[in-house]
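Novice: Encoded as structure tokens, here's the structure I'll be asking about.
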Amino acid sequence: MRGLRAQLASFDRPARLLMVNQFAINLGFYMLMPYLADHLAHGLGLAAWTVGLVLGVRNLSQQGMFLVGGTLADRYGCKPVILVGCALRTVAFGLLAVADTLPSLVAASALTGLAGALFNPAVRAYLAADAGEERRVEAFAVFNVFYQAGILIGPPVGLALLAWDFGVVCAVSALVFAALAVLQARALPARDPVGRSAEPAWRAVAADWRTVAGNRPFLLFTAAMTGSYVLGFQVYLALPLRARELFGERTGLVTGAVFAVSALAALSGQLKLTAWAKRTLSAPRAIACGLVVMGAAFLLVLPGPEEGAGGLVAGGLSLALCAALLAWGGALLYPFEMDTVIRLSGDRLIATYYGAYNTVSGIAISLGNLVVGALFDTGVRWLPWTALAVTGLMCAWLVSRLHRGGHLAPTPVPMAG
Numbered sequence: 001m002r003g004l005r006a007q008l009a010s011f012d013r014p015a016r017l018l019m020v021n022q023f024a025i026n027l028g029f030y031m032l033m034p035y036l037a038d039h040l041a042h043g044l045g046l047a048a049w050t051v052g053l054v055l056g057v058r059n060l061s062q063q064g065m066f067l068v069g070g071t072l073a074d075r076y077g078c079k080p081v082i083l084v085g086c087a088l089r090t091v092a093f094g095l096l097a098v099a100d101t102l103p104s105l106v107a108a109s110a111l112t113g114l115a116g117a118l119f120n121p122a123v124r125a126y127l128a129a130d131a132g133e134e135r136r137v138e139a140f141a142v143f144n145v146f147y148q149a150g151i152l153i154g155p156p157v158g159l160a161l162l163a164w165d166f167g168v169v170c171a172v173s174a175l176v177f178a179a180l181a182v183l184q185a186r187a188l189p190a191r192d193p194v195g196r197s198a199e200p201a202w203r204a205v206a207a208d209w210r211t212v213a214g215n216r217p218f219l220l221f222t223a224a225m226t227g228s229y230v231l232g233f234q235v236y237l238a239l240p241l242r243a244r245e246l247f248g249e250r251t252g253l254v255t256g257a258v259f260a261v262s263a264l265a266a267l268s269g270q271l272k273l274t275a276w277a278k279r280t281l282s283a284p285r286a287i288a289c290g291l292v293v294m295g296a297a298f299l300l301v302l303p304g305p306e307e308g309a310g311g312l313v314a315g316g317l318s319l320a321l322c323a324a325l326l327a328w329g330g331a332l333l334y335p336f337e338m339d340t341v342i343r344l345s346g347d348r349l350i351a352t353y354y355g356a357y358n359t360v361s362g363i364a365i366s367l368g369n370l371v372v373g374a375l376f377d378t379g380v381r382w383l384p385w386t387a388l389a390v391t392g393l394m395c396a397w398l399v400s401r402l403h404r405g406g407h408l409a410p411t412p413v414p415m416a417g
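Here full-length UniProt numbering is used: the first residue of the sequence shown is 1, the next is one more, and so on.
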């Protein structure tokens, strides 16, 4: 904790504000979202397909609009886009507190996703610019500590508030985002937009998107990294499915423990892993090592004998260790991954590049989850875990190959005409 305080104090005030802001964003989000499906199904009595629709709309609106959010941040400045995103999420969570019809729930869900698509690229672009080239890696490492802390603390806070009512959870979450909007409106310095030009807006945006689409090293790196997002998401899909196989009705308790282990591992390891990697590894090698660790984590969950209490204990420990290795692998690669995106952008249109990167990653998660689900449905119990392990190794190999081929070295990015 002392090291974290020292690291935080070493950054300028805007960077510190954005790090604390990310903690509050995740606190407000994760105190509500883990309990939304149960509220829809049991509190409002919606059919399963409508629950899936409401949750899917949030994911689609966020992932599909990341590129738009990043483009707006580059054209109009990061601060206004961050403020609008926080305001929209305030409205969205307030609407969730009172919504009881499908149209209103879908609208609230879409606004929730759109808000995230606005402030996520803008926050990262602002943080990268404020930290500067020399300290971007450290800045993203500290940022991820606050990010994970919000994930860790949000669910128990939400669970405590559920003792009153789900509407209270929504109201408190909305107040968190309202407070964030006010705080940042007053304390976050405005920065001049970097993507504005004298051209008509649609033509300038089209040129920016052509620039991103024509940046072959960025596209290759983005493709190579999609597997890391599929692997990281398995804390929400594959590990709970395995917990269900092992523990049946006690799955919720086990899954909650797995989430806690994941967040605690990231919190405890982030700064140490980043400092070690900066001393001993190049950025591409740190990313490749992180991918290898994430892939290897799934070998620990290969099904084995499960009879008796000993089998259940071993199964539970394997889930916890898998979650920890996934978190450590992600913590190892994350700061260097974010820095590489900036370098490949040529330090231009950073929010747009982040938006494009997140959009592709979101699509990869959706497709990857379909494949993982299909592998579980085959009934071949070792197949999903082996496929996930191979995915991590393949992504690590691709990143290493890009590095050896010189594709990850920063080069001037040609402007689209």
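Yeah, the Cβ is synthetic: ideal placement off N, Cα and C, and Gly gets one too.
Assign Q234 to one of three DSSP states: helix, strand, or coil.
Specialist: Residue numbering aside, residue 234 sits at position 234 when the sequence shown is read from its first letter. The answer is coil: DSSP assigns Q234 none of H, G, I, E or B.
Novice: For G417 and S104, what's the separation of their Cα atoms in angstroms?
Specialist: As a position in the sequence shown, residue 417 is number 417, starting the count at 1. As a position in the sequence shown, residue 104 is number 104, starting the count at 1. Note on G417: pLDDT 45, under 50, position unreliable in the model; the coordinate value appears next. Between G417 and S104, the C-alpha separation is close to 43 Å.
Novice: Can you look up M338 in the DSSP assignment and give me helix, strand or coil?
Specialist: Numbered from 1 along the sequence shown, position 338 holds the residue referred to as residue 338. Reduced to three states, the DSSP call for M338 is helix.
Novice: Can you give the Cα-Cα distance for V212 and S345, rounded to whole angstroms?
Specialist: Walking along the sequence shown from the start, residue 212 turns up at place 212. Walking along the sequence shown from the start, residue 345 turns up at place 345. If you take the alpha carbons of V212 and S345, they lie about 8 Å apart.
Novice: Determine the direct distance from the alpha carbon of V371 to that of A149, and round the result to whole angstroms.
Specialist: Here residue 149 refers to the residue found at position 149 of the sequence shown. Here residue 371 refers to the residue found at position 371 of the sequence shown. Roughly 30 Å between the two C-alpha positions.
Novice: According to DSSP, is G405 helix, strand or coil?
Specialist: For this step, residue 405 is matched to residue 405 along the sequence shown. Three-state DSSP puts G405 in coil, outside helix and strand.
Novice: How is the alpha helix (DSSP H) around Y147 delimited, first residue to last?
Specialist: Taking the first residue of the sequence shown as 1, we reach residue 147 at position 147. First-last of the alpha helix (DSSP H) with Y147: 136 to 161.
Novice: Considering only residues of the region 315 to 384, which uninterrupted beta strand (DSSP E) runs meet the minimum length of 3 residues and lie entirely inside it, listed in chain order?
Specialist: none
Novice: Go to M19, then tell me how far its alpha helix (DSSP H) extends in each direction, as first and last residue.
Specialist: Here residue 19 refers to the residue found at position 19 of the sequence shown. That run of the alpha helix (DSSP H) goes 13 to 30.
Novice: Give the secondary structure of P103 by DSSP, where H, G and I count as helix, E and B as strand, and everything else as coil.
Specialist: Numbered from 1 along the sequence shown, position 103 holds the residue referred to as residue 103. Three-state DSSP puts P103 in a helix.
Novice: Reducing DSSP to helix, strand and coil, say where G3 ends up.
Specialist: What you label residue 3 is simply residue 3 of the sequence shown in a count that begins at 1. Here G3 sits in helix by DSSP.
Novice: Would the region 36 to 55 and the region 142 to 160 be scored as touching if the rule is three or more Cβ pairs under 8 Å?
Specialist: no
Novice: Can you find the residues in the same chain that come closer than 8 Å, C-beta to C-beta, to P189, ignoring five residues on each side of it along the sequence?
Specialist: As a position in the sequence shown, residue 189 is number 189, starting the count at 1. Same-chain partners within the cutoff: P14, K79.
Novice: Would you call the region 112 to 131 and the region 210 to 230 touching, i.e. three or more CB-CB distances under 8 Å?
Specialist: no
Novice: Would L127 and L18 qualify as a contact pair, given that the criterion is a beta-carbon distance under 7 Å?
Specialist: The residue given as residue 127 occupies position 127 in the sequence shown. The residue given as residue 18 occupies position 18 in the sequence shown. Cβ distance < 7 Å, so L127 and L18 count as in contact.
Novice: Taking only the alpha-carbon atoms, compute the straight-line gap between W49 and A351 and give it to the nearest angstrom.
Specialist: Residue 49 sits at position 49 when you count from the first residue of the sequence shown. Residue 351 sits at position 351 when you count from the first residue of the sequence shown. Distance between the alpha carbons of W49 and A351: 35 Å.
Novice: Taking just the CA atoms, how far does A238 sit from L46?
Specialist: Here residue 46 is taken as the residue at index 46 of the sequence shown, counted from 1. Here residue 238 is taken as the residue at index 238 of the sequence shown, counted from 1. Rounded to the nearest angstrom, the two C-alpha atoms are 25 Å apart.
Novice: Reducing DSSP to helix, strand and coil, say where S10 ends up.
Specialist: Position 10 of the sequence shown, counted from the first residue, corresponds to residue 10. Looking at S10 - three-state DSSP - the assignment turns out to be coil, as it is neither helix nor strand.
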